[in-house]
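Be aware that the sequence shown starts at 0, since it is given in numbering that gives the first Met the number 0, and climbs by one per residue.
Scroll down for the structure; my scribbles are underneath it.
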Amino acid sequence: MFSGLPLTAQACPNPDIASFTQLTESGVSLRRGKSVRLTAGGMRPLGECPQASVARGSESHFTDAPTFELNLVGMMGLALQMSADTGCARDMLVHTADGSWYYRGPGLNGFMPPMMLSNPGTGALKVWVGTQDDRSCRIRMEFLTLLR
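Shown next as C-alpha cells:
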C-alpha cells in the first residue's frame, strides 16, 4: 500500500547520496590500518527498507546518507576488514562500487563483529552503521587490508 510519503522521507540507505565523511585510500596504505571518527545511527529501522533483503530482518536504525564513504584504489589481491570500537554500533550495511550489498548484523551480546570483504574491488565503498534505536552515537571505525 502506498503511504503517500516520498521515498526520501523513509530515510532508507541510498547509495546515490554522498557521505559527509569521505576518504580515499590505497590498499597498501590500509595495510597499517586507518581509523575514522563517525556518527552511527539514524531515524528508521532497516527492516522497513528495500535493502532489508540482505539484512535478514534487521531492526537497527540507519540514515539515508552513508555514514562513511571510502574510495579504494590498488586493492588487487587484498581483502578489507571493517570494525567499530563501541557497543552502540549494531549493524553495518555496505554498498560496493560494483553495486553489491553486504550486511553484518549484531553478534553475541548485541555487539557488531568485524566485517570482512574478501574482494572489495576499487571505487566507492559506501558504509552505513546502524544503532539499536533512533539515537545516534559516536564511533571509531577501523579499516585494515589483509592479503587474500
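Just so it is clear, CB atoms sit at the ideal spot from N, CA and C, and this is done for glycine as well.
query = When we look at the beta-carbon of residue 31 and count the other beta-carbons within 10 Å, is it buried (16 or more) or exposed?
reply = Counting Cβ neighbours within 10 Å, residue 31 comes out exposed, since fewer than 16 surround it.
query = Which term fits residue 50, buried or exposed, when burial requires 16 or more other beta carbons within 10 angstroms of its beta carbon?
reply = The residue is buried, with at least 16 neighbouring Cβ atoms inside 10 Å.
message = If you reduce the DSSP assignment to three classes, tell me which class residue 28 lands in.
response = DSSP places residue 28 in helix when its eight states are reduced to three.
query = Looking only at its own chain, which residues have a Cβ that is under 7 Å from the Cβ of residue 113, when we skip the five neighbours before and after it?
reply = Within the same chain, Cβ atoms closer than 7 Å to the Cβ of residue 113 are found at 80, 81 and 82, the five residues on either side in sequence being excluded.
task = May I have a chain-ordered list of the beta strand (DSSP E) segments no shorter than 3 residues that lie completely inside the segment 36 to 124?
result = Taking only runs of at least 3 residues, the beta strand (DSSP E) segments lying wholly in the segment 36 to 124 are 67 to 72, 77 to 83, 88 to 94, 100 to 103 and 114 to 116.
task = Along the beta strand (DSSP E) that carries residue 136, what are the first and last residues, could you check?
result = Boundaries of the beta strand (DSSP E) harbouring residue 136: 136 to 146, taken from the DSSP string.
For residue 89 and residue 45, the rounded distance between their alpha carbons = Their Cα atoms are separated by approximately 12 Å.
ask   = Shorter than 8 Å from the beta carbon of residue 78 to some beta carbon of chain B?
value = Absent from the structure is chain B; it holds one protein chain and no more.
query = Any idea what DSSP makes of residue 20, helix, strand or coil?
reply = Here residue 20 sits in coil by DSSP.
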